[in-house]
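Heads up: the protein sequence lines correspond to chains A and B, in order. Note that my numbering numbers the first sequence so that position 187 is 610, with each residue one more than the last. Note that my numbering numbers the second sequence so that position 19 is 442, with each residue one more than the last. Even for Gly, the Cβ is constructed at its ideal location relative to N, Cα and C. Since the model is a prediction, treat every value here as computed from it, not as a measurement. Taking it in order: structure first as structure tokens, then the write-up.
Protein chains: 2
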Amino acid sequence: MVTALRLDIEYDGADFAGWAEQPAARTIEGVLRDALDVVFQVRPELRVAGRTDAGVHASGQVVSLTVPGAAGDLDTRRIRQSLVGLLPKDVCVRRVTVMPHDFDARADAVSRVYDYRMLTGMPSPLRRRRTLLHWGPPLDRDILHACADLTVGQHDFRAFTPTDTQHVFFARTMLECVWREDEDELILRVEADAFLRQMVRVLVGTMLECARGRREVGSFAALLAGAPRSAAGPTAPPNGLTLIAVRY
Amino acid sequence: MVTALRLDIEYDGADFAGWAEQPAARTIEGVLRDALDVVFQVRPELRVAGRTDAGVHASGQVVSLTVPGAAGDLDTRRIRQSLVGLLPKDVCVRRVTVMPHDFDARADAVSRVYDYRMLTGMPSPLRRRRTLLHWGPPLDRDILHACADLTVGQHDFRAFTPTDTQHVFFARTMLECVWREDEDELILRVEADAFLRQMVRVLVGTMLECARGRREVGSFAALLAGAPRSAAGPTAPPNGLTLIAVRY
């Protein structure tokens, strides 16, 4: 008898080598499986909605797994408390939910929502871990909005992911792509059915090139039709990026 | 010829042994004087509005100093840029202003404003550096508000500062003391003409005792009339506390 669980997770990605477990690296998957091993005496396989890269944060990551035992014998509140106690301070399981046995956090996700945060003025020590400090020439807001508008819809996003990719299909549907300003922060909210690796960060790096006048908006539009990675801009640093939510 | 400067400063206090310079400890005053020494070839004496303790943050700290040279010869924008480049990432000089020669960031301050932030639900890895995680029984909001209301006005606050004090006078005037809720955070905003050392943290620690039912509100009121330190509650951890602003 096994039971499917959903874990809602938050983490500060700064001191992790990303989500995916690797030998000899501190990863979110690794510390989470270690904690689950203590609670369930098995080191369960995990399915995750967003495989975040090194340095990327999450406030709304979702993980699924199956654990031994019948649902009626599991006290999800105690499981959560045990995991919180076992996990390091930069990862927290905020919710544990019993799910139908075939729930899959990755395959069942309808969309993922990320925010990319940038500071447009002075450096801010209190926000430095979660917010990119943008140095350099001022950014043309109209151009940022124009790029964001172009990004919405279904496109071939292969220009926005490393060439040495494990992806096979590059078509993704961008459901929302909006820059907003909040005092001295400029925040890109993106929601897509799924994201290619580093896709949000290359989108941000390329939009910033446009907004600084180093690239035409027309050339940005052309990238969305399956251009090679070399045609797009740089990959923005990971610390500005946070996985906010997963929709099912 | 010397010129008075005002520096507006932000810092993440987590990795500092507080504001005040000490031999063999990393302090905000120490790293700031080191950077000023590079820019001005003098290690100027600093006057500071709020001498924050180890682990306490500031988004609106104010410092004054005098530097060699006439005001007309000083490029405050370049001074700021130089200081930002020289300072570690957890301190930033956000503004440099030329002031009348007798400006004193400490003596001229009319009031100081602090926020104390607490999480009332789950731990949050992304906010752990700036927000106290409150474990334990639920807090009675009405009691928190009652304590805050009692705190407003002029009182003898000696119960809220360590006994081995350098303070001589213990009367302070609390201008504002209000708890507000913002999603899963409970935030105390305090503004007073000046604060005794650790005063906000002992106020918070004592209010939490009341709100958990471990202390009567009547006994809290009695503390405000010059009771000894031993009569008040514990000192809340420093990481929840941030100096927000100084008024002149």
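Along chain B, in chain order, which residues have C-beta atoms closer than 7 Å to that of residue i?
i: A/Ser482; result: Leu549
Taking CB distances under 7 Å as the criterion, tell me whether residue i reaches chain D.
i: B/Met541; result: Protein chains A and B are contained in the structure displayed, whereas chain D is not.
Step through the CB atoms of chain A and report whether any lies within less than 7 Å of the CB of residue i.
i: B/Pro546; result: yes
Roughly how many angstroms separate the alpha carbons of residue i and residue j, rounded to a whole number?
i: B/Pro657; j: B/Val625; result: 6 Å
i: B/Arg586; j: B/Leu646; result: The residue asked about is misnamed: residue 586 of chain B is Thr in this sequence, not Arg. Computed Cα separation, rounded: 14 Å.
i: A/Ala528; j: A/Pro651; result: 30 Å
i: A/Thr629; j: B/Cys633; result: 54 Å
i: A/Val514; j: B/His480; result: 22 Å
i: A/Ala493; j: A/Val465; result: 15 Å
i: A/Arg637; j: A/Arg470; result: 40 Å
i: A/Met545; j: B/Gly508; result: 12 Å
i: B/Gly663; j: B/Tyr539; result: 5 Å
i: B/Gly649; j: B/Phe580; result: 6 Å
i: B/Ala615; j: A/Pro661; result: 40 Å
i: A/Tyr428; j: A/Asp435; result: Just to set this straight, residue 428 of chain A is Leu in the shown sequence, not Tyr. Taking the straight line from one Cα to the other gives about 23 Å.
i: B/Asp607; j: A/Phe592; result: 40 Å
Spell out whether any CB of chain B is found under 7 Å from the CB atom of residue i.
i: A/Arg449; result: no
i: A/Ala515; result: Before going further, note that residue 515 of chain A is Cys rather than Ala in the sequence given. Judged by the 7 Å Cβ criterion, A/Cys515 is in contact with chain B.
Applying a beta-carbon distance threshold of less than 8 Å, which residues of chain B neighbour residue i?
i: A/Tyr537; result: Per Cβ cutoff of 8 Å: no residues; A/Tyr537 is ~14 Å from chain B at best.
On the DSSP bridge assignment, give the partners of residue i in chain order.
i: A/Glu599; result: A/Glu614
i: B/Ala634; result: According to DSSP, B/Ala634 bridges with nothing at all.
i: B/Gly478; result: None, per the DSSP bridge assignment.
i: A/Asp605; result: A/Glu608
i: A/Gln577; result: A/Thr596
i: B/Val516; result: B/Ile432
i: B/Arg470; result: B/Ser487
i: B/Met522; result: B/Ala427
Which bits of chain A does residue i rub up against, with CB to CB less than 9 Å?
i: B/Arg553; result: Leu549
i: B/Val507; result: Met545, Pro546
Name the chain B residues whose beta carbon is nearer than 9 Å to that of residue i?
i: A/Tyr434; result: Pro548, Leu549
Three or more C-beta pairs closer than 8 Å, one from the stretch 574 to 585 of chain A and one from the stretch 440 to 458 of chain B: is that the case here? At 8 Å Cβ cutoff, the stretches do not touch.
With three or more beta-carbon pairs closer than 8 Å as the criterion, would you say the stretch 502 to 510 of chain B touches the stretch 546 to 563 of chain B? With the cut-off at 8 Å, the stretch 502 to 510 of chain B and the stretch 546 to 563 of chain B do not touch.
For the 8 Å Cβ check, are there 3 or more pairs between the stretch 528 to 538 of chain B and the stretch 598 to 617 of chain B? Note that the stretch 528 to 538 of chain B touches the stretch 598 to 617 of chain B; at least 3 beta-carbon pairs, one per stretch, sit closer than 8 Å.
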